[in-house]
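Enquirer:
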Amino acid sequence: MSANLAFLILLTRLLLVGSFPAVSESASPLLLRGTQQYYEGHYADALDTFQQSLRAARAQNDQNSVRKALNNIGGCQLALHRHREALKSLLEARDLSEKSKDIAKLGGLNNNICSIYKQMNNLDDATTAAEKGLYAAVRTHDIATQSKLQIQLADILGRQDKLPESVHLFRQAIDSADSIGDTATIAAALDRLGNTYRRHGFFPDADRALTEAFRLRKVLRLNELEWSYMNLAELRADQGDFNSALVLVNGAMSLLRTAKTTTPLWTFYYGRGKIYSQKGALPEAMADLRIALQLANELDAVPSDENRVFLEGELEPIHAALIDAGARLFLRNGDTRLVSETFEAAESNRAASLRALLPRANDWRNQLSPRYWEILPQLQAAEQDLYKAGTAESRDRVRRLRTSLSELVSSAGSQSAPVARHALAQARGSLASDTVLFSFRVAQPNSWLWAVTPSRIALHRLPSSADLSSALRKFTAAVRKDEASADAQGQALFNQIFGEVEPAFRNRRRWLLALDEDLFSTPFPALVVGHRDNRPLYLAEEHSIEISTGALMLNQSVPADFHGGFLGVGDPIYNTADPRWHHLVRPAASRLNLERLTGSGREVIACGRDWDATGRHSVVLLGADANKRGVTEAMGLTPSVIHFATHFVKSPQRFYSGVIALSLSSGGSPEVLGPDEIVLHPVRASLVVLSGCESGSARALPASGLMGLTRAWIATGSSAVLATQWDTLDDSGVFLLTFYRYFRAAPQQGPAPALYHARLDMLHSGTFRANPSYWAGYFLVGNS
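Residue numbers are given in the numbering used here: position 436 of the sequence shown equals residue 724, and the series is strictly consecutive.
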């Protein structure tokens, strides 16, 4: 089992504290009845009872009872795995407790909120909630809650590979629980300590901790004994003892028939399915993994993009396990139904968080509270400080403010991704007759490639992620540096990836690529498919190439409309030494230290002039006008094409990889436009061009894909984004002017053919621009 998913499974056992359900000597009959129903495991009945108590408390304007009812409602919603509703209830309860200065409740509330974030694997927001809760618990001398929050933070530290700090905090939690005789919490701490050791490969230490947790639960008849069986099963599987692991996991599942557990059943089916797969019992593995995937797909993610991204990444191992077992079984028995089933599993979780961001009627962006727009500029100012100083204090402030915004999005109830069904049918119905979709899954020990046309699908095994990534990185470096070995490596890599693909797929004119991991940073156009006239024949010469965000995203964007205007942004003022800077303020130097891009101004002027020649208007923002306010206002005019010729810099945000650097503010602070702000404005452009060094370079997360500016612009409803993988020349945009010339001639065909012809022109130019290092770094993301 992957370390990440093991961590998620561990976190599904919530650390519910003594204030939950909330009850007191003067409790109402409704509260008492709901509490009894909860502890008997009748969570739906308890939820209904607590909701009745909430209505009664609000009718009597009894704020203390309102807080208790909301806390209890949140707990029932958690037990029913309705995380979205649970977080909303708990945040409201916490807000009321903060306003009334009821510090005693804040420890428990923040502990439960922390647990929800950890289930999403959102460790930043979980840390913020745990720190708030621990502060309250220490102030009120609530040792029980304090020990549970210490376990929460120790879990987080372990997940962040801070093992010594994690172990130390686990020991503190055990000592705290021991001081009040709380053996259940001691067992929970040992459980989580053992799993932390296991994730880091310290199996003897893990065995001691997990065995002691098992002994305490068995002897003292504590709850969650099924998890002691499961944790020991996972440890035995990691040690290669699959027979013992199956005995233990079956013991866990037998306890589920009588245990009053809030743990999702999919976690146990996944664990057993994974063990069967490792043992080679593929039919048995598929039976369990199908159930696990069906149950896991019912999980209700907490709103906000971060939480959806984290959750889809943590659920990815379930999809990967089913894919690997199903694909291996297909190779064994030839059952072609497994090809379709594995493709569905590969695509159903791909970019689900992105699909949730696409603009819709009653869009979540319109539901944000005024408080969101008050905190947003505070975050932007904090991020500017982070660019300037980069201190731990500034990083913590950014983290806390981002958590506040995330919670406001959750309260607004941002939309979920549409239910993922029939990816193969959608792909077949969306692909033109001359188009093939290549869908990749890069993993250990096998990677997989599906080839899909309107009438056929095929599956091929590729090398492991370790072997494939090594070859991809060497090839990419060779292309970027114009090394003599690049062509030979490109041909070997092409044969390795596509060599077994039938000509009926490979010969299609237009290629759509749904990529994974290091494939995102690979210059596919520079792959060598053969030789012609004693020179390499590049993939770029044979095929139009477009990066797709997945089968379920095909044709999901608003149809392209190129009758609108052109917005060009270039040559911003990046430092106060720029002669165009006319303000008296001379602030401290920014950590960005960006140089002027004089050619970028000429580039956007020339591209805008070309657009004007078609009878459509253009707006070009240069120098001081290339600021955030000017750009935001211009985007409100709904241009068809948006073109940024600027610096693109790394971002201090959690997982997004880049931001657009704009002109300094009047106070001399660096202004940037990042993914978080971009997605707030559904501009629905037909084409966004990001012309600059590494504008499309970003982290590639499991399932979520490329986490950068290209994703953000697709999330606004834009049809396509053209970006770069590495440094580009500040040469007045020769490549892009060529691209626009072809694009202007046939906009109805979309930008992919124009990019294809622009590459050919560069390749046949007889200049330095003929080198793949010049034209292979441009790539197009879209789903047309």
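All C-beta atoms in this analysis are idealised placements derived from N, C-alpha and C, irrespective of residue type, glycine included.
1. Among the candidates G1070, L583, P1060, whose CA atom is the shortest distance from the CA of T835?
2. Can you check whether the CB of V426 is closer than 9 Å to the CB of A442?
3. Can you give the Cα-Cα distance for I893 and I833, rounded to whole angstroms?
4. Taking C-alpha atoms, which residue in A569, L801, R653, L523 lies nearest to R638?
5. Which residues in the same chain have their Cβ closer than 8 Å to the Cβ of S377, if we skip the five residues on either side of it in sequence?
6. Does DSSP put G561 in a helix, in a strand, or in coil?
7. Anyone know if the C-beta pair for P963 and S939 falls short of 9 Å?
8. Among K420, D412, L411, which one has its Cα closest to the Cα of D383?
9. Going by beta-carbon coordinates alone, are A633 and L617 separated by less than 9 Å?
10. Could you round the C-beta distance between R884 and Y862 to whole angstroms and report it? I think they count as a contact, below 8 Å.
11. To test your reading of the DSSP string, which unbroken beta strand (DSSP E) runs of 3 or more residues are found completely within the region 470-557?
12. So, does the region 664-672 touch the region 342-349, judging by three or more C-beta pairs under 8 Å?
13. Which two residues bound the contiguous beta strand (DSSP E) that contains M995?
14. What three-state label does DSSP hand D866 in the structure shown?
15. DSSP three-state label for E695, please.
16. On the criterion of 16 or more Cβ atoms from any shown chain inside 10 Å, does F1056 qualify as buried, or is it exposed?
17. On the three-state DSSP scale, how would you describe P658?
18. Helix, strand or coil: which one does DSSP assign to T723?
19. For V892, which residues does DSSP report across the bridge?
20. If we count the other Cβ atoms within 10 Å of its Cβ and call it buried at 16 or more, is E594 buried or exposed?
21. Could you tell me how far apart the beta carbons of A839 and L725 are, in whole angstroms, since I believe they sit closer than 8 Å?
22. Helix or strand or just coil, what does DSSP make of V249?
23. Along the chain, which unbroken stretches of the beta strand (DSSP E) at least 3 residues long are found entirely within the region 952-976?
24. Confirm, please, whether the CB-CB distance from V960 to V908 is below 9 Å.
25. Return the CA-CA distance between M841 and P990, expressed in angstroms with no decimal places.
26. Within 8 Å, do at least three Cβ pairs link the region 486-504 to the region 531-539?
27. When DSSP builds the beta bridges, which residues end up paired with A739?
28. With distances taken between CB atoms, is the gap from R653 to L925 smaller than 9 Å?
29. What is the DSSP secondary structure of L1010, reduced to helix, strand or coil?
30. For H710 and A608, I'd like the C-alpha separation in whole angstroms.
31. Does the Cβ-Cβ distance between Q351 and S388 come in under 9 Å?
32. Counting only the same chain and skipping the five closest in sequence on each side, list residues whose C-beta sits under 6 Å from that of V846.
33. I believe H1045 touches Y1030 by the beta-carbon criterion, under 8 Å. Please report the beta-carbon distance rounded to the nearest angstrom.
34. Measure the C-alpha to C-alpha separation of G1065 and N822 and round it to an integer number of angstroms.
35. When the Cα of F338 is compared with those of S773, I474, A759, S353, which residue comes out closest?
36. Where does the unbroken alpha helix (DSSP H) through H607 begin, and where does it stop?
Expert: Based on what the coordinates show:
1. Taking the first residue of the sequence shown as position 1, residue 835 is located at position 547. Residue identity differs from the one stated: residue 835 is Ile in this sequence, not Thr. Comparing Cα positions, the closest option is G1070.
2. As a working note, residue 442 is residue 154 in the sequence shown. As a working note, residue 426 is residue 138 in the sequence shown. No; because the gap between Cβ atoms is not below 9 Å, this pair is not in contact.
3. Start at 1 with the first residue of the sequence shown, and residue 893 comes out as number 605. Start at 1 with the first residue of the sequence shown, and residue 833 comes out as number 545. Here the alpha carbons of I833 and I893 stand approximately 28 Å from one another.
4. Translated into positions along the sequence shown, residue 638 becomes position 350. Ranking A569, L801, R653, L523 by Cα distance to R638 puts L801 first.
5. The residue labelled residue 377 in the question sits at position 89 within the sequence shown. Cβ neighbours of S377 beyond the five flanking positions: L358, N359, I361, G362, Q365.
6. Walking along the sequence shown from the start, residue 561 turns up at place 273. Looking at G561 - three-state DSSP - the assignment turns out to be helix.
7. Stepping through the sequence shown from its first residue, residue 963 is reached at position 675. Stepping through the sequence shown from its first residue, residue 939 is reached at position 651. For P963 and S939, yes; Cβs fall inside 9 Å.
8. Taking the first residue of the sequence shown as position 1, residue 383 is located at position 95. D383 has its Cα closest to that of K420, out of K420, D412, L411.
9. Your numbering for residue 633 matches position 345 in the sequence shown. Your numbering for residue 617 matches position 329 in the sequence shown. Their beta carbons are not under 9 Å apart, which means A633 does not touch L617 by this criterion.
10. Within the sequence shown, numbered from 1, the residue matching residue 884 stands at position 596. Within the sequence shown, numbered from 1, the residue matching residue 862 stands at position 574. The Cβ separation is near 6 Å, so the contact holds.
11. none
12. Output reads no: the region 342-349 does not touch the region 664-672.
13. Here residue 995 refers to the residue found at position 707 of the sequence shown. M995 -> beta strand (DSSP E) spans 993-995.
14. Numbered from 1 along the sequence shown, position 578 holds the residue referred to as residue 866. Coil at D866, not helix or strand.
15. Here residue 695 corresponds to residue number 407 of the sequence shown, with the count starting at 1. In this structure, E695 counts as helix in the three-state DSSP scheme.
16. Position 768 of the sequence shown, counted from the start, is the residue given in the question as residue 1056. Exposed, since its Cβ has fewer than 16 Cβ neighbours within 10 Å.
17. Taking the sequence shown and counting its residues from 1, the one referred to as residue 658 is at position 370. Three-state result, P658: helix.
18. Within the sequence shown, the letter at position 435 stands for residue 723. In the displayed model, T723 falls within a strand according to three-state DSSP.
19. For this step, residue 892 is matched to residue 604 along the sequence shown. Beta-bridge pairing links V892 to no other residue.
20. The sequence position of residue 594 within the sequence shown is 306, counting from 1. Buried, by the Cβ-count rule.
21. Position 551 of the sequence shown, counting from 1, holds the residue named residue 839. Position 437 of the sequence shown, counting from 1, holds the residue named residue 725. About 7 Å; that satisfies the 8 Å criterion.
22. Here the chain has residues from 289 to 1072 only, and residue 249 is not among them.
23. Listed in chain order, they are 959-961.
24. The sequence position of residue 908 within the sequence shown is 620, counting from 1. The sequence position of residue 960 within the sequence shown is 672, counting from 1. No, the pair does not count as a contact, with Cβ atoms beyond the cut-off.
25. Numbered from 1 along the sequence shown, position 553 holds the residue referred to as residue 841. Numbered from 1 along the sequence shown, position 702 holds the residue referred to as residue 990. If I take the Cα positions, the gap works out to 17 Å.
26. no
27. Residue numbering aside, residue 739 sits at position 451 when the sequence shown is read from its first letter. DSSP lists F726, A746 as partners of A739.
28. Position 365 of the sequence shown, counted from the start, is the residue given in the question as residue 653. Position 637 of the sequence shown, counted from the start, is the residue given in the question as residue 925. No, these two residues do not count as a Cβ contact at 9 Å.
29. On the sequence shown, residue 1010 is found 722 positions in, with the first residue counted as 1. Of the three classes helix, strand and coil, the one that applies to L1010 here is strand, per DSSP.
30. Within the sequence shown, the letter at position 422 stands for residue 710. Within the sequence shown, the letter at position 320 stands for residue 608. Cα-Cα distance, rounded: 18 Å.
31. In the sequence shown, residue 351 corresponds to position 63, counting from 1. In the sequence shown, residue 388 corresponds to position 100, counting from 1. Yes, the Cβ-Cβ distance between Q351 and S388 is below 9 Å.
32. Reading the sequence shown from its first residue, position 558 is the one you call residue 846. With a pLDDT of 49 at V846, under the threshold of 50, the predicted position of this residue should be treated as unreliable, and no value is reported.
33. Looking up residue 1045 in the sequence shown gives position 757. Looking up residue 1030 in the sequence shown gives position 742. The pair is a contact, with the Cβ atoms about 4 Å apart (cut-off 8 Å).
34. Here residue 1065 refers to the residue found at position 777 of the sequence shown. Here residue 822 refers to the residue found at position 534 of the sequence shown. For G1065 and N822, the distance between alpha carbons rounds to 24 Å.
35. For this step, residue 338 is matched to residue 50 along the sequence shown. For F338, the nearest C-alpha among the options comes from S353.
36. Counted from its first residue, the sequence shown places residue 607 at position 319. H607 -> alpha helix (DSSP H) spans 593-621.
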